[in-house]
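Engineer:
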Amino acid sequence: MRHAKEGNRLSRNKSLRKATLRDMARAVLVQERICTTRAKAKEARKLIERLITLGKKDTLAARRRAFAILCDHGLVSQLFKQTAPRFKARNGGYTRIIPYMQRSGDNAALAFLELTEKSREIITGTKRAKAEKEAADTKTVSEAETKPAAETKPAAPGHSKADVKTKPKAAAKPTGVKKLFQRKTGGE
13 MRHAKEGNRL SRNKSLRKAT LRDMARAVLV QERICTTRAK AKEARKLIER LITLGKKDTL
73 AARRRAFAIL CDHGLVSQLF KQTAPRFKAR NGGYTRIIPY MQRSGDNAAL AFLELTEKSR
133 EIITGTKRAK AEKEAADTKT VSEAETKPAA ETKPAAPGHS KADVKTKPKA AAKPTGVKKL
193 FQRKTGGE
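With this note's numbering applied, the sequence shown covers 13 to 200.
(1) Is it buried or exposed for Ile60, if we count other Cβ within 10 angstroms and need 16 for buried?
(2) Compare the beta carbon distance of Ile110 and Lys54 with 8 Å and say whether it is the shorter of the two.
(3) Arg24: buried (16+ other C-beta within 10 angstroms of its C-beta) or exposed?
(4) Give me the Cβ distance between Arg57 and Leu125, rounded to the nearest whole Å; I'm assuming they're in contact under 8 Å.
(5) Tell me the residue span of the alpha helix (DSSP H) that contains Leu59.
(6) Out of His15, Ala78, Leu72 and Ala51, state which residue places its alpha-carbon closest to the alpha-carbon of Arg34.
(7) Considering only C-alpha positions, which residue in the set Ala184, Ala80 and Gly67 is nearest to Lys100?
(8) By Cβ distance below 7 Å, which residues in the same chain neighbour Ala51 in space, the five residues on each side in sequence not counted?
(9) Measuring straight from C-alpha to C-alpha, what distance separates Ala80 and Ser27?
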């Protein structure tokens, strides 16, 4: 029996569970929103809330404790300088879990784990397409208004960029954690 043993084991041993939660905490602090299973989100929330509380203290000891968890100096300084000051007026509740959908394949319950105070607006799905279209429309109008027609001198044959044919580079497919963050979500 597991009396007085709190927390979900997530079907992992201690070292793998610790690594999973650390990586999820790092991802949330960088991306400000991730999609994961509901059980992992509930466990990672505990660690993220503890890290932000450490960030609000801003002492050397707190920085060292945060580094012991995150193992990244740049992320620790970002936590203490940018992320934690946004939560100065808040006493806990730094993250929220938003139920999303059931994953096809294993029917796992997915959820978004995000910070409640974001530094930027997170655009997903159809909102992204609208935002890109609006940005493209304003860009073409502003370019037409601001750029005057410049005179171009004809280049010697074989010396212009148009004459040189280059093979387009194939875009490298993201792998690992990068693939997780660039995954397209359906239904929005």
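Glycine included, C-beta positions come from ideal geometry on N, C-alpha and C.
Treat the numbers as computed from the prediction; the structure is a model and nothing was measured.
Structural biologist: Considering the structure as presented:
(1) Within the sequence shown, residue 60 is the residue found at index 48, counting from 1. Label assigned to Ile60: buried.
(2) As a first step, residue 110 is located in the sequence shown; it is residue number 98 there, counting from the start. As a first step, residue 54 is located in the sequence shown; it is residue number 42 there, counting from the start. No, they are not a contact pair.
(3) Position 12 of the sequence shown, counted from the first residue, corresponds to residue 24. Flag for Arg24 reads exposed.
(4) Looking up residue 57 in the sequence shown gives position 45. Looking up residue 125 in the sequence shown gives position 113. About 6 Å; that satisfies the 8 Å criterion.
(5) Taking the sequence shown and counting its residues from 1, one reaches residue 59 at position 47. That run of the alpha helix (DSSP H) goes Arg50 to Lys69.
(6) Looking up residue 34 in the sequence shown gives position 22. Ranking His15, Ala78, Leu72 and Ala51 by Cα distance to Arg34 puts Ala78 first.
(7) Along the sequence shown, read from residue 1 onward, the residue named residue 100 stands at position 88. Out of Ala184, Ala80 and Gly67, Gly67 has the C-alpha closest to the C-alpha of Lys100.
(8) Taking the sequence shown and counting its residues from 1, one reaches residue 51 at position 39. Asn20 and Leu22, listed in sequence order.
(9) Taking the first residue of the sequence shown as position 1, residue 80 is located at position 68. Taking the first residue of the sequence shown as position 1, residue 27 is located at position 15. Straight-line Cα distance between these residues: approximately 14 Å.
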